[in-house]
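Q: Numbering (the numbering used here), first residue to last: 90 to 458.
In this text, a Cβ means the ideal position worked out from N, Cα and C, and glycines have one as well.
No experiment lies behind these values; they were computed from the predicted model shown.
(1) Considering residue 336, what are the terminal residues of the beta strand (DSSP E) in which it resides?
(2) What residue ranges within the stretch 98-127 form continuous alpha helix (DSSP H) runs of no fewer than 4 residues, ordered along the chain?
(3) The alpha helix (DSSP H) spanning residue 207 covers which residue range?
(4) Please report the Cβ distance between residue 379 and residue 361, rounded to the nearest whole angstrom; I am assuming they are in contact, meaning their Cβ atoms lie under 8 Å.
(5) Between the stretch 299-307 and the stretch 322-333, are three or more C-beta pairs nearer than 8 Å?
(6) Would you mind working out which of 405, 373, 273 and 128 sits nearest residue 396, comparing C-alpha positions?
(7) Return helix, strand or coil for residue 289, following the three-state DSSP convention.
(8) Taking the Cβ atom as the reference point for each residue, do residue 296 and residue 262 lie within a distance shorter than 8 Å?
(9) What would DSSP say about residue 318, mapped onto helix, strand or coil?
(10) Provide the residue span of the alpha helix (DSSP H) that contains residue 163, from first to last.
(11) To the nearest angstrom, report how far apart residue 272 and residue 404 are at their CA atoms.
(12) Could you give the C-beta distance for residue 140 and residue 99, rounded to a whole number, given that I count them as a contact under 8 Å?
(13) Have a look at the DSSP bridge pairing and note the partners of residue 460.
(14) Cutting at 7 Å between CB atoms, please list the residues of its own chain near residue 382, excluding the five before and the five after it.
(15) Measuring CB to CB, does residue 125 end up less than 8 Å from residue 448?
(16) Please classify residue 355: does DSSP put it in a helix, a strand, or coil?
(17) Excluding five sequence neighbours on each side, which residues of the same chain lie with their C-beta closer than 6 Å to the C-beta of residue 245?
(18) Hey, quick one: how far does the alpha helix (DSSP H) through residue 427 stretch, first residue to last?
(19) Does the beta-carbon of residue 219 have 16 or more other beta-carbons within 10 angstroms, so that it is buried, or is it exposed?
(20) With 16 other CB atoms within 10 Å as the buried threshold, where does residue 106 fall?
(21) According to the Cβ coordinates, are residue 207 and residue 227 closer than 8 Å?
(22) Among 388, 385 and 377, which residue has its Cα nearest to the Cα of residue 411?
(23) Mapping the DSSP letters down to three states, classify residue 246 as helix, strand or coil.
(24) List the endpoints of the continuous alpha helix (DSSP H) containing residue 450.
(25) Can you give the beta carbon distance from residue 182 to residue 97, rounded, assuming they're within the 8 Å contact cut?
(26) Should the stretch 311-322 be regarded as contacting the stretch 418-425, the criterion being three or more beta carbon pairs within less than 8 Å?
(27) Can at least three beta-carbon pairs, one atom from the stretch 343-354 and one from the stretch 385-396, be found at a separation below 8 Å?
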């Protein structure tokens with residue numbers, strides 16, 4: 090079985106890149122086809138000899154401004170010649186699933202999310218965009234949506250990373266998707282020796298839909314200590330609204346992140362997330378989660394056992410959830426056991442079985458077995 094991998098872009102480590110890293114190790118002869126590859130920031134994870142970037146790589150500053158080049162991405166992926174491959178495994182929240190494959194091959198797309206900026210979050214992105222970006226969005230998004238729906242029909246099998254994403258795929262593409270949860274490194278993220286410190290914790294990119302501002306406002310009002318890990322476009326705004334109990338750690342390495350997980354009182358997860366690997370990492374360290382009760386959190390948090398779910402995405406409801414959380418004695422062993430069901434090994438096993446099954450079916454169809 091000759092297998093190729095596609096991924097939207099390889100620029101910074103994140104949840105989607107953890108999925109790709111598992112495939113990269115599972116299929117050591119595979120190549121990763123992507124729009125742009127930032128060797129300085131992610132070359133320690135992926136060997137450039139196994140990465141095939143598109144023509145976009147040669148555009149000046151593309152590795153920094155690739156998100157502004159959405160209109161070029163359909164062409165970038167359609168220009169990859171994958172005709173010699175038996176199986177194409179795509180990782181996509183944007184255009185990577187739009188590659189052209191041969192009639193005898195199997196194309197399996199692992200969907201982290203349908204394009205948020207083209208579909209359900211379009212108006213959110215539009216409201217916060219500048220004048221030039223708004224002009225381009227009005228001009229290009231209708232065509233992008235049409236292309237997105239058309240290319241979804243060329244995919245043989247769709248995998249969603251959560252039940253929430255499976256519902257969104259059904260909504261926008263009118264197709265059913267199987268669900269395989271992303272991998273979590275439960276061997277690295279393990280409980281510490283203590284029972285938690287006096288701080289709450291957030292680990293996230295600083296973008297509006299993550300709702301970090303809501304968590305800061307809640308902890309300001311409650312005078313609770315909150316440690317915020319990460320960075321992004323909203324950083325200045327968040328720092329300006331933070332009171333004396335709010336601490337920003339910046340972007341730190343995994344070992345330091347693990348220590349913050351192990352010693353937090355609870356992990357705050359106020360955004361509407363597709364899945365949310367960080368919430369599971371916190372649980373793998375034995376710490377409970379306080380999460381907005383929609384999206385991926387419904388797959389990862391067991392109410393009353395591994396955390397608290399609040400039903401309305403506002404500061405008052407988060408405050409109530411924190412107050413409810415503080416009345417409960419949490420069992421870190423139960424929380425850890427739940428997180429183990431999302432392990433790397435489980436993901437590898439389920440993906441390998443899925444790929445093998447679909448390729449065996451295709452081989453019979455084309456007379457190879």
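A: Checking against the coordinates, here is how it stands:
(1) If you look at residue 336, you'll find it in the beta strand (DSSP E) that goes 335-339.
(2) Listed in chain order, the alpha helix (DSSP H) elements of length 4 or more contained wholly in the stretch 98-127 are 104-115.
(3) Premise fails: residue 207 is in no alpha helix (DSSP H) and is neither H nor E.
(4) Residue 379 to residue 361, Cβ: 15 Å. No contact.
(5) yes
(6) 373
(7) strand
(8) The Cβ atoms of residue 296 and residue 262 do not sit closer than 8 Å to each other.
(9) strand
(10) Per DSSP, residue 163 belongs to the alpha helix (DSSP H) from 162-167.
(11) The straight-line gap from Cα to Cα measures roughly 31 Å.
(12) 6 Å
(13) The first residue shown for the chain is 90 and the last is 458, placing residue 460 beyond what the model contains.
(14) 398, 399 and 400
(15) no
(16) strand
(17) Here residue 245 has 195 and 196 as same chain residues with Cβ atoms under 6 Å from its own Cβ, once five neighbours each way along the sequence are excluded.
(18) 421-428
(19) exposed
(20) buried
(21) no
(22) 377
(23) strand
(24) 433-454
(25) 6 Å
(26) With the cut-off at 8 Å, the stretch 311-322 and the stretch 418-425 do not touch.
(27) no
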